[in-house]
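Chemist: Below is one structure. I have some questions about it.
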Amino acid sequence: MKNRLLITVIAAALLAGVAITYTVLSGTPAGEAAHSVPTGTGPRLMVLSNGKLSTVSRTDPAGSREVTEQRCDRVYSAAGTISCLRPVGALKAGELAVLDSQLKELRTVPLTGFPNRTRVSASGRMVGWTLFVDGHSYAANGFSTSTGILDTKSGTQVESLEEFTVEGLPQLPVDANFWGVTFTADDNRFYATMSTGSHRYLMEGDFAARKVRSTDIDNVECPSLSPDGTRIAYKAAVNGDPQQGWRISVLDLATRRITPLAETRSVDDQPAWLDDSTVGYGIQRDDGLNDVWAVPADGSGTPAVLVPEAGSPAPIS
Numbered sequence: 029m030k031n032r033l034l035i036t037v038i039a040a041a042l043l044a045g046v047a048i049t050y051t052v053l054s055g056t057p058a059g060e061a062a063h064s065v066p067t068g069t070g071p072r073l074m075v076l077s078n079g080k081l082s083t084v085s086r087t088d089p090a091g092s093r094e095v096t097e098q099r100c101d102r103v104y105s106a107a108g109t110i111s112c113l114r115p116v117g118a119l120k121a122g123e124l125a126v127l128d129s130q131l132k133e134l135r136t137v138p139l140t141g142f143p144n145r146t147r148v149s150a151s152g153r154m155v156g157w158t159l160f161v162d163g164h165s166y167a168a169n170g171f172s173t174s175t176g177i178l179d180t181k182s183g184t185q186v187e188s189l190e191e192f193t194v195e196g197l198p199q200l201p202v203d204a205n206f207w208g209v210t211f212t213a214d215d216n217r218f219y220a221t222m223s224t225g226s227h228r229y230l231m232e233g234d235f236a237a238r239k240v241r242s243t244d245i246d247n248v249e250c251p252s253l254s255p256d257g258t259r260i261a262y263k264a265a266v267n268g269d270p271q272q273g274w275r276i277s278v279l280d281l282a283t284r285r286i287t288p289l290a291e292t293r294s295v296d297d298q299p300a301w302l303d304d305s306t307v308g309y310g311i312q313r314d315d316g317l318n319d320v321w322a323v324p325a326d327g328s329g330t331p332a333v334l335v336p337e338a339g340s341p342a343p344i345s
């Protein structure tokens with residue numbers, strides 16, 4: 029694994045060098061955006077439509093959509109801050125781009141690996157991301173991830189949660205992986221998954237203290253904290269085995285009660301709370317395209333397509 033990771037790092041560095049050269053020679057400013065994010069009227073959803081950042085109306089999400097030229101592999105937005113994990117291309121390595129609501133590039137972070145998850149705190153201050161640095165599936169053996177956090181206000185950046193101390197452990201297990209950050213309202217605490225052995229624990233982190241601790245709740249992947257801060261939507265491996273697929277579920281943090289949602293198909297996505305009672309997620313169709321689906325967060329109802337041919341949903345005002 030270490031050899032494969034070293035090769036990935038070297039390859040990404042070479043790609044990054046080529047990308048810089050190409051930008052200089054072409055005279056095209058890196059990350060230039062053609063359009064601002066359309067706001068429309070009323071509550072809206074940000075999605076990726078054919079890889080382009082787009083918005084749709086919450087009242088008519090299957091209706092017309094406004095599409096920009098900004099390309100992302102994964103996207104999330106909150107309080108005017110947009111986190112865009114840009115794709116790895118033939119002439120460039122990947123990167124995190126932090127944009128404002130006008131798609132002005134505020135900061136970029138060079139990344140090594142393949143974009144996988146991203147989240148922004150409710151205030152827009154904190155940005156988290158996860159990459160695959162080895163392997164491309166959470167169901168595979170031997171995969172490796174890298175998860176980082178950026179404080180956009182102070183500029184403090186943590187390249188990997190593996191730098192943090194794990195309370196109760198003298199050292200981080202050699203097979204540990206972190207993924208799927210979600211932030212609390214105070215912009216300091218967060219939740220994430222840590223895998224070790226055959227377990228996938230829900231961890232609570234303290235950004236300022238550079239620590240994480242286990243909640244002792246197992247089989248929680250890609251957590252997403254509800255707007256009211258009381259519940260976590262996540263994907264749970266069926267029978268504890270990712271190779272059997274994942275079931276979207278909701279954990280009540282106070283009672284630790286787990287509610288499997290009405291979606292019974294395997295969902296390999298980090299759920300997004302569309303409001304306090306609805307969870308959204310992406311599912312890939314047989315033709316390779318994605319649809320955004322929605323389901324009630326209390327286990328009732330029936331899953332329904334929310335935005336066809338789209339993915340990576342995030343509610344915006």
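Numbering-wise (my numbering), the sequence shown opens with residue 29 and increments by one. Think of the CB as a built atom: it goes at the ideal place given N, C-alpha and C, for glycine as much as any other residue. Quick caveat, the model's predicted, so the values are computed rather than measured.
Can you list, in chain order, the residues of its chain whose CB lies under 6 Å from that of Ser174, leaving out five sequence neighbours each side?
Modeler: Around Ser174: Gly141, Leu159, Val161, Ser188.
Chemist: Taking the C-alpha atoms as reference points, what is the distance between Asp179 and Val126?
Modeler: Each residue's alpha carbon lies about 11 Å from the other.
Chemist: Run through DSSP, which three-state label would Val295 get?
Modeler: Note: Val295 maps to coil in three-state DSSP.
Chemist: Could you pull out every residue in the same chain whose Cβ sits closer than 6 Å to the Cβ of Val240, ignoring the five residues on either side in sequence?
Modeler: The answer, listed in chain order, is Phe192, Val194, Met231, Gly233.
Chemist: Anyone know if the C-beta pair for Pro331 and Thr306 falls short of 8 Å?
Modeler: No; because the gap between Cβ atoms is not below 8 Å, this pair is not in contact.
Chemist: What residues in its chain sit with their C-beta under 6 Å from that of Ala106, if we drop five residues either side in the sequence?
Modeler: Hits under 6 Å: Val148, Ala150, Gly152.
Chemist: If you follow the beta strand (DSSP E) that Thr210 is in, where does it begin and where does it stop?
Modeler: Residues 205 to 211.
Chemist: Please list the terminal residues of the continuous beta strand (DSSP E) segment that includes Asp234.
Modeler: Asp234 -> beta strand (DSSP E) spans 227 to 234.
Chemist: Under three-state DSSP, which class holds Leu189?
Modeler: It is helical.
Chemist: Which value, in whole angstroms, describes the spacing of the CA atoms of Ala121 and Arg114?
Modeler: If I take the Cα positions, the gap works out to 9 Å.
Chemist: Ignoring anything shorter than 4 residues, give me the alpha helix (DSSP H) runs that lie fully in the region 150 to 186, in order along the chain.
Modeler: You should have found no qualifying run.
Chemist: Quick check on the DSSP output: the beta strand (DSSP E) that includes Gln16 runs from which residue to which?
Modeler: Lying before the first or after the last residue shown, residue 16 is absent from the chain, which here runs from 29 to 345.
Chemist: In terms of residues, what are the limits of the beta strand (DSSP E) holding Arg147?
Modeler: It spans 142 to 148 - the beta strand (DSSP E) in which Arg147 sits, taken as one unbroken run.
Chemist: Check Gly339 in the structure and name its three-state DSSP category.
Modeler: DSSP places Gly339 in strand when its eight states are reduced to three.
Chemist: Could you round the C-beta distance between Thr224 and Pro201 to whole angstroms and report it? I think they count as a contact, below 8 Å.
Modeler: Correct: roughly 4 Å between the Cβ atoms.
Chemist: Should Gly316 and Val75 be called a contact, given that it needs their Cβ atoms to be closer than 8 Å?
Modeler: Not in contact: Gly316 and Val75 (Cβ atoms no closer than 8 Å).
Chemist: Taking the CB atoms as reference points, tell me whether Trp207 and Cys250 lie closer together than 8 Å.
Modeler: Yes, they are a contact pair.
Chemist: Between the alpha carbons of Gly336 and Ser226, how many angstroms are there, rounded?
Modeler: Residue identity differs from the one stated: residue 336 is Pro in this sequence, not Gly. Straight-line Cα distance between these residues: approximately 35 Å.
Chemist: State the CB to CB distance for the pair Arg259 and Leu281, rounded to an integer number of angstroms; the pair is presumed to be in contact (CB under 8 Å).
Modeler: About 6 Å; that satisfies the 8 Å criterion.
Chemist: Around the Cβ of Lys132, are there at least 16 other Cβ atoms within 10 angstroms (buried) or fewer (exposed)?
Modeler: The residue is exposed, with fewer than 16 neighbouring Cβ atoms inside 10 Å.
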